[in-house]
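Structure first, commentary second.
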Ligand SMILES: Cc1cc2nc3c(=O)[nH]c(=O)nc-3n(C[C@H](O)[C@H](O)[C@H](O)COP(=O)(O)OP(=O)(O)OC[C@H]3O[C@@H](n4cnc5c(N)ncnc54)[C@H](O)[C@@H]3O)c2cc1C
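Residue numbers (the UniProt record's numbering): 1 to 422.
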């Protein structure tokens, strides 16, 4: 079956956009387009994950920066996730070896960017995905449980092929199909990047004492160990999410044993400041990589989220970057279509590429540099970085700048991230 409702060449008919990949950036884009353009655009999001019976179980919890929160408010999904969102009120940075008896604090940040506005909230991934998916369906986005096998461009259309032989002919396909994007590769778009010899291990940890909204980043020689506050709950009354960066070769020995051995390893890094701890979830390891697509699109195909750029989670900015790209792409496509232009034409691609290239490169370079600086035990490097951290701690202006950067509020923001309508 061929569904052909694209409008190129047919005045008055709705435009057709297919988003391949229903992760958070893909769904956010689809929702933003429908909210801005209503029935003048038909949006289909294809993802085999929609067909799985159990709800999405993403063990990752995300630090959603203030700018991304403003976008979620504008998309009217924030109210659905707010009850499960934990404001980050303070951030503490320590730098030590694993065996050191004390972990001296080198840097603290108060967590507000404006009166009563935290620079970030912690949100569990599964809940955010469900909220975005429900809002997209309610806005008329078609959720399709098949993957897109191929996207074949022609002059004025692109055909998305589904596994059961169906085809959707559209004006544009957005590839939001993750870091190993099949559609990016098939389009011949190059990728510059490398794998880190590290994995990111994530889990939810219960603890006895209240974290009081404090996020802690322990810089240890094998990489950062982040403790990020979650709303109360769990077997000991309070919970935090951990993102533990470890040398890849060590991971099987560290987390491959039984739950008790794994808990002992977590305890060694987590410390005792929050009292007794227990594991609330299994430990799951993700390979870590850096990469950026050489172009953010090809003929009638645009890249979004991890399909366009992957960064180290050291600063918790991967999803925020993906949402910022979704906001910029929604803006470029909406403006293009309101002018009566073709969303699959060169104008939207150029605007999108121009608005995102520098920001993405800058964020990628910053997270890569931070990881290199902090994942080492070399004494001169440790002394220099601790001196730097101590210096920043005494300069309130610089601290404010860093907090605004972490909140995603520095530089020019897409309209949705300023909390404005498209
Ligand atoms: C350990 C770790 C911790 C992190 N912590 C943070 C954090 O605190 N804050 C933050 O901002 N970011 C964080 N990130 C980064 C963040 O997880 C990613 O940037 C984000 O999940 C990317 O979303 P995505 O939708 O682009 O890709 P993915 O989440 O990979 O989703 C891709 C989707 O596409 C679907 N798909 C695949 N192939 C096809 C196809 N052919 N057709 C249709 N659908 C397809 C898949 O089923 C999937 O649903 C972290 C990453 C790691 C590894």
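Every residue, glycine too, gets a C-beta built ideally from N, C-alpha and C.
Pairwise C-alpha distance: residue 219 and residue 381
Going from the Cα of residue 381 to the Cα of residue 219 covers about 13 Å.
Residue range of the alpha helix (DSSP H) that residue 259 falls in?
Counting along the chain, the alpha helix (DSSP H) containing residue 259 begins and ends at 259-270.
May I have the straight-line CA-CA distance separating residue 115 from residue 64, to the nearest angstrom?
Between residue 115 and residue 64, the alpha-carbon positions lie close to 18 Å from each other.
Own chain residues within Cβ distance below 6 Å of residue 353, not counting five before or after:
296
Chain-order list of residues whose beta-carbon lies under 6 Å from that of residue 148 (same chain, five-residue window excluded)
Beyond the five residues adjoining it in sequence on each side, residue 148 comes within less than 6 Å, by CB distance, of 20, 46 and 160 in the same chain, given in chain order.
Would you tell me roughly how many angstroms separate the C-alpha atoms of residue 216 and residue 35, rounded to the nearest one?
38 Å
Cβ of residue 346 within 8 Å of any heavy atom in ligand 1?
no
Cβ neighbour criterion (16 or more within 10 Å) applied to residue 400:
Per the 10 Å Cβ criterion, exposed.
Name the DSSP beta bridge partners of residue 122, please?
63 and 86
According to DSSP, residue 145 sits in a beta bridge with which residue or residues?
According to DSSP, which records beta bridges pairwise, residue 145 is partnered with nothing at all.
So, with DSSP's three-state summary, where would you put residue 48?
helix
Do you know offhand how far residue 403's Cα is from residue 314's?
15 Å
Out of 175, 306 and 301, point me to the one whose CA is closest to residue 342's CA.
Of the listed residues, the one whose Cα sits closest to residue 342 is 301.
Taking residue 189 as the reference, which of 85, 298, 340 and 206 has the closest Cα?
The residue with the shortest Cα to Cα distance from residue 189 is 298.
Could you say if the stretch 109-125 and the stretch 248-267 meet the contact criterion of at least three C-beta pairs nearer than 8 Å?
no
May I ask you to report which of helix, strand or coil DSSP gives residue 412?
coil
Segments of 4+ residues assigned as alpha helix (DSSP H) that fall wholly inside the stretch 325-387:
Complete alpha helix (DSSP H) runs here, min 4: 346-374.
What residue range does the beta strand (DSSP E) around residue 190 cover?
Looking at the DSSP string, residue 190 is not in any beta strand (DSSP E), and its letter there is neither H nor E.
On a Cα-Cα basis, can you pick out the residue from 67, 133 and 379 that is closest to residue 144?
Nearest option by C-alpha distance: 133.
Length of the line joining the Cα atoms of residue 8 and residue 417:
Only weak support is given to the placement of residue 8: the predicted model assigns it a pLDDT of 45, under 50, and the question is left unresolved by the model.
Can you find at least 3 beta carbon pairs, one from the stretch 305-324 and one from the stretch 263-271, that sit closer than 8 Å?
Inter-segment contact for the stretch 305-324 and the stretch 263-271 is absent: fewer than three beta-carbon pairs are separated by less than 8 Å.
N- and C-terminal bounds of the alpha helix (DSSP H) containing residue 25:
For residue 25, the enclosing alpha helix (DSSP H) begins and ends at 24-37.
Residue 6 versus residue 152 - alpha carbon distance
In this predicted model, residue 6 has a pLDDT of only 46, less than 50, meaning its place in the structure is not dependable; the value taken from the coordinates is given anyway. Answer to the nearest angstrom: the Cα atoms are 14 Å apart.
So is the beta-carbon of residue 304 under 8 Å away from any non-hydrogen atom of ligand 1?
yes
Could you tell me if residue 181 is buried or exposed, where buried requires 16 or more neighbouring beta carbons within 10 angstroms of its beta carbon?
buried
Integer-rounded CB distance, given that residue 344 should sit under 8 Å from residue 176
So it is not a contact: roughly 16 Å between Cβ atoms.
For residue 255, report the span of its beta strand (DSSP E) as first-last.
Run containing residue 255: none in the beta strand (DSSP E); it sits in the alpha helix (DSSP H), 251-255.
When the Cα atoms are used, what is the spatial distance from residue 408 to residue 84?
21 Å
By the three-class DSSP mapping on this structure, what secondary structure does residue 81 have?
helix
Is residue 47 near ligand 2, in the sense that its beta carbon is under 8 Å from a heavy atom of that ligand?
In terms of ligand content, the structure shown lacks ligand 2 and carries ligand 1 instead.
Take the Cβ of residue 77 as the centre, count every other Cβ of all protein chains shown within 10 Å, and call the residue buried at 16 or more, exposed below.
buried
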